[in-house]
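In what follows, a single structure is set out as structure tokens and then discussed.
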Amino acid sequence: MRRREVSGHKLATHLAILQEATSDVNLKRAAVLKALCIYLGEDVGHLIREYKDIEGDGIQRDLQKSTMGIDVINKEGGEIGAHDDIGIYVEGVILLDNIGSVAQACAMMLRVMYVLNMAYPKELKYSYEFIQKVLLQMDGERLSPKVLGLKNKIIAGL
């Protein structure tokens, strides 16, 4: 399969969650964040790292390989969206945990980056640009072509 086909399949998987009448709102918000990354050609794993509850020490070692992100520890054998913990890590150190949802963790991570005066991770440049400049309407005068294209498609669809 070509890369575009793989991205389309991944995107369709997350968008299907939005169509489900029974999905809870937090699951839908997480699906939107994941779909945003995929649509903009970024790896969701750089934003959200998901683990099974039984992985233990392997989680900490894995987090040290990444600059920052959201870690989600799923309940072993639990339903989709059943989490034991959601947290934010920076350079392998968990800064916040027991966050209620992936969307809340994403919002808190933006705050952490702002407070610590950190640059966006280059792997998520477009996703964070979209969230900051389009959704939050902060400093949105200049957009990258990729983000501007998505913004225009959204506006045209309304």
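Counting from 1 along the sequence shown, just add 8 to a position and that's the residue number in the numbering used here. Here a beta-carbon is modelled for each residue, glycine too, at the ideal position from N, C-alpha and C. This structure is a prediction, so every number in the text was calculated from the model and none was measured.
Q. Which class does G95 belong to by DSSP, given the choice of helix, strand or coil?
A. strand
Q) In three-state terms, what does DSSP make of D147? A) coil
Q. Closest to Y128 by CA distance: which of G95, M76, D92 is it?
A. M76
Q) Between M9 and G49, what straight-line distance do the alpha-carbon atoms span, to the nearest angstrom? A) With a pLDDT of only 48 at M9, under the threshold of 50, the placement of this residue in the model should not be trusted; the figure read from the coordinates follows. If I take the Cα positions, the gap works out to 16 angstroms.
Q) Less than 8 angstroms separating the beta-carbons of L23 and K36? A) no
Q. Out of I81, L55, S109, which has the shortest C-alpha to C-alpha gap to G66?
A. I81
Q. Where are the beta strand (DSSP E) runs, 3 residues long or more, that stay fully inside the segment 26-90, in chain order?
A. 56-60, 76-82
(Q) Taking 8 angstroms as the threshold (C-beta atoms), are G100 and L71 in contact? (A) yes
(Q) What does the alpha-carbon distance come out to for the pair M121 and A90? (A) 27 angstroms
Q: Please check the pair L151 and K141, which I expect to be a contact at CB under 8 angstroms, by giving their CB distance rounded to whole angstroms.
A: 6 angstroms
Q) So what does DSSP say about A164, is it helix, strand or coil? A) helix
**Q.** Close Cβ partners of D147 (< 8 angstroms) along its chain, the five nearest in sequence each way excluded
**A.** Q140, K141
Q: Would you identify the three-state DSSP class for H17, choosing helix, strand or coil?
A: helix
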